[in-house]
Every structure is written in C-alpha cells, then in structure tokens.
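A.B. asks: Structure provided below as structure tokens; questions to follow.
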Amino acid sequence: MKRIIAFLLMLMMIFCGCSNSVPEENPESSQPEEQHSEPEVPEKEPEKEPEEEMKIIENCTFKTADEKYGVQKDGKIIFAPEYDVYRKVGEIGEKTLYALGKKEGTMPAITYDEDARVSGIGERERILYEFFFDDGTLLLSIPADSYAFERNKGYQPGTTFWLYISLEGSHYSYKFNKEGEIIEEGYVPAGKPGDIYNDYVCGFEKVQYYYGPTDMEIGLGLVDTEGNEVVPAIYSYIYSPFEGRIVAGRSEGGLFGGTARILDGSGKIICDKYHLIDFDELPDGRFIGIAWCAGEMSQLATVCRDENGKVMEGGYRFIDKDGNELSETFIDEKEGFIFRKGGIIPEETTLTAIYKDGTEKVIDFYDYAFEP
C-alpha cells in the first residue's frame with residue numbers, strides 16, 4: 007500500500023514539472039507578426055476654382071494672386087498675366103478701353119530746380135502700356151510710355167474720341183468714331199522735325215521730344231550740323247527775335263506761368279529772371295523788349311529771382327537785348343499793346359502804363375528802342 011502511494015506521488019511530481027517548463031525560444035517566432043496594411047495615400051488638395059486662380063477685375067481683365075494682370079475671354083487666357091499696372095482709360099461708344107502696363111526701366115523726363123524753373127533732363131520710371139477693348143481685342147500694334155484720352159463734349163457729344171500716346175519721344179494720335187473704329191491717325195517723330203516746321207534758329211536746327219502724350223509736354227531744343235546738342239530739348243518754344251539772340255521758354259499751366267530765358271548766339275543762357283519775354287520790331291528796324299514777372303505774392307509755382315537771389319518785382323518792364331531793365335515796373339497798361347496778336351501798329355508810339363499805386367503814365371516806347 008505504501009509503495010502504491012509513493013508511486014502515485016512520483017507521477018504527480020513528474021506531471022507538474024512538465025506543465026511548468028518553458029519551451030525554448032524560437033528566434034523567428036520572437037519577431038512581431040508583420041502587418042500587411044495598405045500604404046497611406048496623402049489627402050488630395052481640392053482643385054482651385056477658376057476665380058481663385060485669376061480674379062476678374064472688369065470684363066476682359068483679370069488679376070493673379072501675385073498681383074499681375076492679364077487679359078481673358080470666357081475664362082480663356084488671351085494675354086498672359088505679365089502686366090504690373092491696370093487702368094481704365096475711358097468709354098468709346100458702348101465699348102470700354104483699358105490699359106495694362108509693364109514696368110521697364112526708366113525714360114527721359116524734364117527736371118526743375120528749387121524755384122520750379124525748368125533745369126534739364128533727368129529720368130523717371132518707364133511703364134509700357136498696351137490697350138484693350140472690353141472683349142479682349144488689342145487696340146494698337148505699338149505700346150505707349152504715356153497716354154491721354156479725350157471725348158468731345160460740345161457739338162454732338164459722345165460721337166468722337168481721341169487717344170494720344172507717346173513712345174520714345176514720338177507722338178501718335180488716334181481719332182475714333184462711336185463704334186470704336188480708328189478714323190484718323192497722326193504721327194510726329196522725335197528728333198529733327200525737318201519739313202514739318204523747317205525751323206532753324208541762329209544756324210542751329212530744332213529738335214523735339216515728347217515727354218508725355220500732349221502738346222504741352224513737348225520739349226524743343228537745338229543741335230548743330232553734326233547733331234551735337236546746343237540747347238537741351240526742354241522748352242515749349244524757342245526762336246530767334248534777331249541775330250545773335252535766342253528766346254527759349256517753357257509754359258507751365260498757361261502762357262504766363264513758366265520760365266523764359268535769353269540765350270546768346272551759341273546757346274549760352276545770359277538772362278534767366280523772367281516768366282515771360284517778348285521782342286517786337288518797330289517800323290524803323292529797331293526793337294523793343296518787354297518782360298513780365300508774377301512777383302513775390304504770386305500763386306504760380308515758378309519763382310523769378312534777380313542776379314542776387316532776390317524775388318523779382320511783379321509786373322512789366324522794358325528790357326534791352328540782354329534782359330537788362332530799362333524802365334520802371336508797371337503792373338498793367340490800357341491799350342492792349344503788350345503781347346498783342348499781330349504785333350505793333352506802325353502809327354503807335356506810346357502806351358499808358360498803370361502802376362502799383364494806381365497812377366497812370368503815358369510812355370513813349372521808342373525811348374526804349376535798341377539796335378539788335
């Protein structure tokens with residue numbers, strides 16, 4: 007009996023030992039089971055709507071996110087967004103005209119001194135414009151570095167329209183009917199006008215340059231026979247009243263508001279202190295000169311100063327061929343003698359001057375006549 011109990015105990019110990027044993031590790035089985043999942047696909051960005059790609063500004067013109075302008079029609083790009091500037095020019099009949107411009111370096115520009123008197127030629131930013139109708143049609147075959155637009159407002163208003171442009175100093179004009187068709191064109195080249203004016207001043211030939219689209223922005227100058235500059239092209243008028251003297255000036259905002267100078271026969275400035283200068287020939291072959299200044303309290307931008315830097319007295323005075331004052335200054339005269347269209351009437355010898363204090367005096371202008 008004891009032997010049977012001992013045998014059963016031994017068997018129980020053997021079975022318990024087997025159940026508590028740890029199996030030998032298998033290197034392959036120790037690795038985590040490989041996960042066979044699908045690769046992650048990044049979320050696709052939603053396609054941009056057309057209005058996010060190009061914002062329609064007006065009719066054919068659109069703008070991109072990087073501030074560039076272009077021309078489209080029905081969502082299709084006609085002219086790529088390469089323009090830096092957008093302008094609405096105006097209405098021609100039922101059509102709208104637009105200008106898109108590219109910034110391209112610099113171009114010549116007239117400069118002024120601290121007294122707002124014309125002084126020379128400098129530079130300004132250059133923008134080359136192209137013109138489009140509201141259906142995306144390109145208007146001209148050439149660009150413009152400046153432009154101006156007008157429409158008639160008098161007789162039959164809104165029936166005729168003009169576009170004036172300048173390009174590298176040349177001037178172009180286009181006249182339109184109300185259907186937007188060009189019915190007339192004009193062209194004035196930069197450089198020597200040649201037969202247009204046939205102008206020679208003291209043996210020098212006139213040259214011209216349009217700094218802007220209107221006649222007020224023309225610059226006239228002089229060159230010698232070899233094309234060398236004698237007088238820079240910065241004046242709106244230039245002429246020789248008699249041998250050895252040149253009058254050159256620039257009008258700013260009207261006849262009286264500008265710069266007037268006397269130059270010698272070589273183009274050197276010898277008088278630069280008036281707003282306006284005029285020389286008239288008398289019947290006996292002599293000349294009289296009259297100059298005008300606005301004065302210290304003037305609202306004109308330009309300021310006239312004498313040789314010592316003092317502001318010139320306002321009014322008229324008789325001058326000699328070099329601009330030296332020959333008479334007292336008077337503020338007006340009665341007969342409309344000064345700057346009269348058509349010049350001096352042979353029978354005239356006097357004018358009635360009105361002075362600052364209101365007094366009047368009859369002047370014999372032959373007293374101030376000189377030989378040229």
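All residue numbers in the sequence shown are consecutive under our numbering, ending with 378. The C-beta atom is built at its ideal place from N, Cα and C for all residues, glycine as well.
Please name the residue or residues paired with Ile344 in a DSSP beta bridge.
C.D. replies: Ile344 is not bridged to any residue.
A.B. asks: For Glu191, which residues does DSSP report across the bridge?
C.D. replies: For Glu191, which the question treats as bridged, DSSP gives the partners Tyr180.
A.B. asks: Between the Cα of Gly364 and the Cα atoms of Asp338, Asp151, Ala154, Ile63, which residue gives the shortest distance?
C.D. replies: For Gly364, the nearest C-alpha among the options comes from Asp338.
A.B. asks: Find the nearest neighbour of Gly348 within the set Tyr241, Gly96, Asp286, Pro195, judged by alpha-carbon distance.
C.D. replies: Residue Asp286 is the option with its Cα nearest to Gly348.
A.B. asks: Contact check, Gly321 vs Thr308 under 8 Å by CB: the rounded distance?
C.D. replies: So it is not a contact: roughly 16 Å between Cβ atoms.
A.B. asks: For the segment 245 to 255 against the segment 264 to 275, do three or more pairs of beta-carbon atoms, one drawn from each stretch, fall closer than 8 Å, so that the two count as touching?
C.D. replies: The segment 245 to 255 is in contact with the segment 264 to 275.
A.B. asks: In three-state DSSP terms, what is Tyr118?
C.D. replies: It is a strand residue.
A.B. asks: Pick helix, strand or coil for Glu110, following the three-state DSSP scheme.
C.D. replies: DSSP places Glu110 in strand when its eight states are reduced to three.
A.B. asks: Give the straight-line distance between the Cα atoms of Val213 and Met113, rounded to the nearest whole angstrom.
C.D. replies: In a straight line, the C-alpha of Val213 is about 18 Å away from that of Met113.
A.B. asks: For a test of the three-state rule: what should DSSP assign to Asp278, helix, strand or coil?
C.D. replies: Asp278: strand per DSSP, three-state reduction.
A.B. asks: Compare the beta carbon distance of Gly227 and Pro219 with 8 Å and say whether it is the shorter of the two.
C.D. replies: Cβ atoms of Gly227 and Pro219: not closer than 8 Å.
A.B. asks: Starting from Ser152, follow its DSSP beta bridges and name the residues at the other end.
C.D. replies: In the DSSP output, where bridge partners are listed per residue, Ser152 has Ser172.
A.B. asks: Quick one: what's got a C-beta closer than 7 Å to Val207's C-beta in the same chain, skipping five residues either side?
C.D. replies: Here the set comprises Leu228, Ile244, Tyr245, Ser246, Ile252.
A.B. asks: Applying the criterion that 16 or more other CB atoms from any shown protein chain within 10 Å of the CB defines a buried residue, is Lys279 buried or exposed?
C.D. replies: So Lys279 ends up on the buried side.
A.B. asks: Could you check which residue in Lys184, Gly186, Tyr180 has the C-alpha nearest to that of Tyr193?
C.D. replies: Answer by Cα proximity: Tyr180.
A.B. asks: Can you check DSSP and say which residues form a bridge with Arg157?
C.D. replies: Arg157 is bridged to Phe167.
A.B. asks: Judging by CA-CA distance, which residue of Ala359, Arg346, Thr355, Gly175 is the nearest neighbour of Lys340?
C.D. replies: Of Ala359, Arg346, Thr355, Gly175, the residue nearest in Cα terms is Ala359.
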